[in-house]
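Before any comments, here is the structure.
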Amino acid sequence: MAYTYTTPWLLVVAELLILVSITESKVPAIIVFGDSTVDAGNNNVVPTLLKSNFRPYGRDFAGGRPTGRFSNGRIPPDFISEAFGLKSTVPAYLDPAYNISDFATGVCFASAGTGYDNATSDVLKVIPMWKELEYYKEYQNKLRAYVGKDKANEILSEALYLMSLGTNDFLENYYLSPKRQSQFTVQQYEDFLIGLAENFIRELYGLGVRKISLTGLPPMGCLPLERTINILGQNECVEKYNTVALEFNGKLNGLVERLNKELPGLRLLSADAYKILDQIIKKPSLYGFDVVAKACCSTGKFELGYLCNELSPFTCSDANNGFSALDLSSINFCWEWLHAWEMYKDDRLPQLVDLLLNKDFCEVEAIRFLKVGLLCVQEECRLRPRMSTAIRMMSDEINIDNVHVSQPGLITDMMAVTTSQKHSLNSINSMHSPGYSPLYL
């Protein structure tokens, strides 16, 4: 599973103020590396479960088109590009709809689910950072062929480079991987990642890159799924994860300071996502939010990838108002789960996925993903897989072809609701908060 949050406008504005300080001349291009926080659609063409090229993703994008961005609309690099007088969107490098003429003013190499650690990208079979770098080298050659060597070198050296990643390394990899935990303490793993970040930045520097914004970790213990599975902690933020985020960010700041001294001409800055998002989480009303503990899609607790789709109940109806119930009754909510359950029993899950994605998917992977979702909401808690086990199931490390799925508990609960109770349930679920923040997938 991959972890993403859609950065609020406040964070974008704050980052812009920082970026202005390292861009003395006009910025000719925005070039992006990282994970789902900045992926503009590269995963669309990657054989992975982690995709967002279907609604409700992209419903507020120009034309209501899902692009592969993990958002209802644009993402931070798009706003930053427009703010610097460039195009209103930064296209994905692997999107066949674009070519080098589009990439001359900005390009995105990011892949949802990736991290500094190659083992992180292996979890959901996404693009590792070394491959993002290879694509960038390929892009350099294409740009030189398109505008000429001198002009291309000018663009590449004056461009603003954005790097945003790291959360997946901890939540998708370290805390779910016995291998990494046997190799490193969490502090040692932080140092390991800092070393990988340094190597990546030094490689960029060797390729002529001079202006880089490096985004640190958010308060990742407050991401909706982490709160959902923190049952013993009353679904509050997981503080040990937040502590790790702060430790890592401190080490990242140290790296930034050291590399600026060691590499002549480098202008490397750290963008602090933690402080602003932490303030929004602690005092949401001051920033115009009502709900910050849930994502916008469906129940806002665990839905990701194919489980976040146009048929998902309770997805916020207006992203400008935030998390709210759709105009669905409780019985309709029950019916959607019952419908999926009945299709599973009749061995007809492919029909459900076909309806959602118009065959733009790997059928075997999509069915496996839906089955894992049904396993996670079984009526008997003891039958539900642990989060680490669910991850291994989704990546096909654990074969679930012969695993029996029992009836979802939510259906049983909802079937017992009397007519008089349904209105009350609808009222409880009618919550509002602006935007998809934080969006967690």
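When the letters of the sequence shown are read in order and numbered with mature numbering (1 follows the signal peptide of the UniProt record, and there is no 0), they come out as residues -25 to -1, 1 to 416. Even for Gly, the Cβ is constructed at its ideal location relative to N, Cα and C.
Nearest-angstrom Cα separation, counted from residue j out to residue i
i           : j    : result
V268        : I256 : The amino acid at residue 268 is misidentified as Val; the sequence shows Ala. Their Cα atoms are separated by approximately 8 Å.
R30         : C351 : 23 Å
L137        : I187 : 6 Å
Y249        : F54  : 20 Å
Q115        : G123 : 11 Å
S27         : N19  : 8 Å
T364        : L108 : 31 Å
V219        : Q254 : 18 Å
A246        : P52  : 13 Å
D125        : E237 : 26 Å
V231        : M104 : 19 Å
F145        : T80  : 33 Å
G39         : G33  : 6 Å
I50         : Y110 : 21 Å
L207        : R361 : 15 Å
Q209        : D371 : 31 Å
A211        : T203 : Strictly speaking, residue 211 in this sequence is Glu, with Ala absent from that position. Roughly 8 Å separates the two Cα atoms.
residue 419 : G229 : Here the chain has residues from -25 to 416 only, and residue 419 is not among them.
A37         : K106 : 30 Å
C356        : A67  : 41 Å
P153        : N143 : 15 Å
Chain-order list of residues whose beta-carbon lies under 6 Å from that of residue i (same chain, five-residue window excluded)
i    : result
I75  : K117, Y121
F223 : E165, L192
K100 : T23
F59  : V2
R367 : I373
K320 : none
Contact under 8 Å by Cβ, residue i with residue j
i    : j    : result
T95  : E147 : yes
G9   : S157 : no
N174 : P194 : no
L234 : L244 : no
Minimum C-alpha distance to residue i - residue among the options
i           : options                : result
I5          : T42, N217, K62         : K62
A72         : N174, A248, G16, V184  : G16
F78         : L131, L99, I50, N47    : L131
R185        : E129, V378, Q254, A365 : E129
G225        : I169, V339, G196, C271 : I169
residue 441 : G183, T89, V65         : As shown, the chain starts at -25 and ends at 416. That puts residue 441 outside it, with no answer to give.
D70         : F59, E338, D14         : D14
V98         : L151, D125, K320       : L151
G90         : I102, T80, G81         : I102
P199        : R119, G81, C271, Q163  : C271
G141        : R119, R361, A172, R367 : A172
V7          : G33, I176, N210        : I176
Close beta carbons around residue i, own chain, < 8 Å, minus the five adjacent residues each side
i    : result
F167 : D92, F159
P259 : D265, V266, V267, S408
V21  : L69, S86, K100, V101, I102
K112 : L182
Q162 : E222
K215 : G196
R119 : A127, N128
Rounded distance between the beta-carbons of residue j and residue i, thought under 8 Å
i    : j    : result
A85  : P3   : About 20 Å; that fails the 8 Å criterion.
G48  : D35  : 4 Å
L189 : L227 : 7 Å
I342 : L358 : 20 Å between Cβ atoms; not a contact.
L349 : V380 : 5 Å
V339 : I375 : Not really, about 12 Å apart at Cβ, beyond 8 Å.
Chain-order list of residues whose beta-carbon lies under 7 Å from that of residue i (same chain, five-residue window excluded)
i           : result
residue 419 : For the chain, the structure presents residues -25 to 416; residue 419 sits outside this window and is missing.
R155        : A94, N148, Y149, Y164
P41         : S27, N28, F29, R30, Y32, G33
Residue-level contact to chain B via CB, residue i, 8 Å cutoff
i   : result
K26 : No chain B appears in the structure shown, which is made up of a single protein chain.
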